[in-house]
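Engineer: The numbering used here numbers the first residue of the sequence shown as 4 and each following residue consecutively. One structure is given below, represented as structure tokens, and several questions about it will come after.
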Amino acid sequence: MTDTRAWLAETLDAARIRAMQHSTCAMLDKAAAEGRLLIIGSALLPMRIMRAVRQGGGRVAAMVEYAPRFWGRDAEGVPVLSLDDALALTGPDPVVLVGIWSPHHVHADTVAWLATRGITRILPVMAAFWRWGAALGEHYQLSGPEPLVAAASRIMAVHDRLADADSKRHYAADLAWRLAFDHAALPEPRPEAIYFDRALMRLPDDAVVVDGGAFSGDALEHFLRWHGPRFGRFHAFEPDPISFAKLTQYRDRLPPAVAAQVTLHQAGIGAAAGELRLDPSGTPGTITGGSGSVVVPCVTLDAALAGERVDCIKLDTEGQEHPVLDGAAAIIARHQPALSISIYHKPDDIVTLPERAIAALPDAALHVRSHDHDGIDLVLTAVPRRFQP
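Written out as structure tokens, the structure is:
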């Protein structure tokens, strides 16, 4: 559909979504009652889904894995099997719930694999949150459809504010995936262009850049690819000590003149100074808060960079983007930097973070791009007029 506004309005239609939710839940309930429900995957999220099915009085016949090394395991009384062995338990054409939502997983590839065995009743991971959301809670953008239905008019307003046709298509397609299970609509991602695409923004040769959630240096690598060695300062904030060690190693391998322009901060960033608790993982999904085993400092960008000009802020902070923006309010008001922000960590980020960018940077061009499959790495780039190509 080329008219993305009409497509988005159809996607957000409350009556259509209610009917789809009713039929989806009925299908899952019937399969779980008859022992004909299979879940793809046996890692943390599929296991959470299996427990939610049990809590609701249903039964999962088997957890299905691609890789033989997992076959034959016991997952709290549910067997982990090959697809063929699982079908021997359920009979032909069971209901298959894809329990995987992780970087580089492609739902369409899993559907194609299942289709080789004649399976047609295949639901994406979102369907589990539509049926058992109360037991599952939130998991990144995954939730029931209700919050997005309630925000329909605001979502349409964000769509209308986007600066280019590709942004509108990426935005509408992500919502069609989440609200209509339409994976075919998702555009091919461009992981190499994440955060600092020169087709969207041109920073000056003395630019000061903030990288919130620097991980092991992936965003710094992308910045150097797109903008080269001419910049003023690159401030990288990373709280996970495992990732920070990798970040330090990456920085130290750079040419000395470039490395000298990169300042590393082993700290979290948020709305107020204090401490963060985390369990170090060295993975992109390290979550701060709660009762983690390691305590690290938390700073605000306003305090950490007081008196310094800031031209661009990149944020991929695992759902803490709003608090980080709270702690950067003075910098944003004073310097009007470009913003490059992940908008997929929480169910309503796809509307609330663009709204925030619109309010903070009224003259900015807003772009949305997908940089991984299945709704992961959806990024909003807000570019003030002076940095527009």
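Beta carbons are placed, not taken as given, at the ideal position from N, Cα and C, and that holds for glycine.
Which first and last residues belong to the beta strand (DSSP E) in which K395 is found?
Structural biologist: Lying outside 4 to 392, the shown extent of the chain, residue 395 is not represented and no answer is given.
Engineer: Does the contact criterion of 3 or more C-beta pairs under 8 Å hold for the segment 234-253 versus the segment 265-273?
Structural biologist: The segment 234-253, when compared against the segment 265-273, does touch it at the 8 Å Cβ threshold.
Engineer: When you compare only the Cα positions, how much space is there between A332 and I42?
Structural biologist: Whole-angstrom Cα-Cα distance: 44 Å.
Engineer: For the candidate residues L165, D208, D352 and Y69, whose alpha-carbon lies nearest to that of L151?
Structural biologist: The shortest C-alpha separation from L151 is found at D352.
Engineer: Nearest to H173 by alpha carbon, out of R388, R389, D375 and A111?
Structural biologist: Among R388, R389, D375 and A111, the Cα nearest to that of H173 is on D375.
Engineer: Select from T303, D209, L304 and L281 the residue whose C-alpha is nearest the C-alpha of V261.
Structural biologist: The candidate whose alpha carbon is nearest that of V261 is D209.
Engineer: If you pair each beta-carbon of the segment 11-27 with each one of the segment 126-142, do three or more pairs fall below 8 Å?
Structural biologist: Contact holds: three or more Cβ-Cβ distances are below 8 Å.
Engineer: May I have the straight-line CA-CA distance separating Q264 from S219, to the nearest angstrom?
Structural biologist: C-alpha separation (whole angstroms): 17 Å.
Engineer: Quick one: residues in its chain with C-beta nearer than 6 Å to the C-beta of I335, no 5 flanking neighbours on either side, listed in chain order?
Structural biologist: These residues qualify, in order along the chain: A363.
Engineer: Under three-state DSSP, which class holds M204?
Structural biologist: Of the three classes helix, strand and coil, the one that applies to M204 here is coil, per DSSP.
Engineer: Indicate the three-state DSSP secondary structure (helix, strand or coil) for D167 in the structure shown.
Structural biologist: D167: coil per DSSP, three-state reduction.
Engineer: Assuming S294 and I245 form a contact by the criterion Cβ under 8 Å, report the distance between their Cβ atoms to the nearest whole angstrom.
Structural biologist: Not really, about 19 Å apart at Cβ, beyond 8 Å.
Engineer: Which residue's Cα is closest to the Cα of K33: T7, P49, I103 and A64?
Structural biologist: That would be A64, whose Cα lies nearest to the Cα of K33.
Engineer: Are the CB atoms of V327 and L304 nearer to each other than 9 Å?
Structural biologist: Yes, the pair counts as a contact, with Cβ atoms nearer than the cut-off.
Engineer: Cα-Cα, which of S156, P97, A91 and L126 is closest to L40?
Structural biologist: Among S156, P97, A91 and L126, the Cα nearest to that of L40 belongs to P97.
Engineer: Apart from the five residues on each side of it in sequence, which residues of its chain come closer than 8 Å, Cβ to Cβ, to R359?
Structural biologist: Contacts found: H325 and L328.
Engineer: Let me know if P106 comes out buried or exposed under the rule of 16 or more other beta-carbons within 10 Å of its beta-carbon.
Structural biologist: Counting Cβ neighbours within 10 Å, P106 comes out exposed, since fewer than 16 surround it.
Engineer: As a quick exercise: from E278, R164, P190 and L165, pick the residue whose alpha carbon is nearest that of A176.
Structural biologist: Of the candidates E278, R164, P190 and L165, the one whose C-alpha sits nearest the C-alpha of A176 is P190.
Engineer: According to DSSP, simplified to helix, strand and coil, what is P258?
Structural biologist: P258: coil per DSSP, three-state reduction.
Engineer: Quick one: complete alpha helix (DSSP H) runs, 4+ long, within the segment 52-129?
Structural biologist: As far as the segment 52-129 is concerned, its whole alpha helix (DSSP H) runs of at least 4 residues are 86-93 and 110-118.
Engineer: Considering only C-alpha positions, which residue in the set T286, G310 and L279 is nearest to V297?
Structural biologist: With distances taken between Cα atoms, V297 lies closest to L279.
Engineer: State the start and end residues of the unbroken alpha helix (DSSP H) segment that holds H230.
Structural biologist: Unbroken alpha helix (DSSP H) run through H230: D221 to H230.
Engineer: Can you check DSSP and say which residues form a bridge with C301?
Structural biologist: Paired residue(s): G271 and G277.
Engineer: Can the beta-carbon of L206 be found closer than 9 Å to that of A385?
Structural biologist: No, Cβ-Cβ distance for L206 and A385 is not below 9 Å.
Engineer: Indicate the three-state DSSP secondary structure (helix, strand or coil) for D214 in the structure shown.
Structural biologist: Reduced to three states, the DSSP call for D214 is strand.
Engineer: What first and last residue would you give for the alpha helix (DSSP H) that runs through R19?
Structural biologist: Unbroken alpha helix (DSSP H) run through R19: A17 to E37.
Engineer: Excluding the 5 residues preceding and the 5 following I20 in the sequence, name in chain order all residues of the same chain whose CB lies nearer than 7 Å to its CB.
Structural biologist: Excluding residues within five positions, the ones whose Cβ falls inside 7 Å are P148, V152 and L182.
Engineer: Rounded to a whole number of angstroms, what is the C-alpha to C-alpha distance between A55 and P357?
Structural biologist: Cα-Cα distance, rounded: 33 Å.
Engineer: Within its chain, find whatever has a CB closer than 6 Å to the CB of P232; leave out the 5 residues flanking it on each side and keep chain order.
Structural biologist: Taken in chain order, the residues that qualify are V261.
Engineer: Could you check how far apart the C-beta atoms of R372 and R201 are, in whole angstroms? I think they sit under 8 Å.
Structural biologist: With a Cβ gap of about 13 Å, R372 and R201 do not count as contacting.
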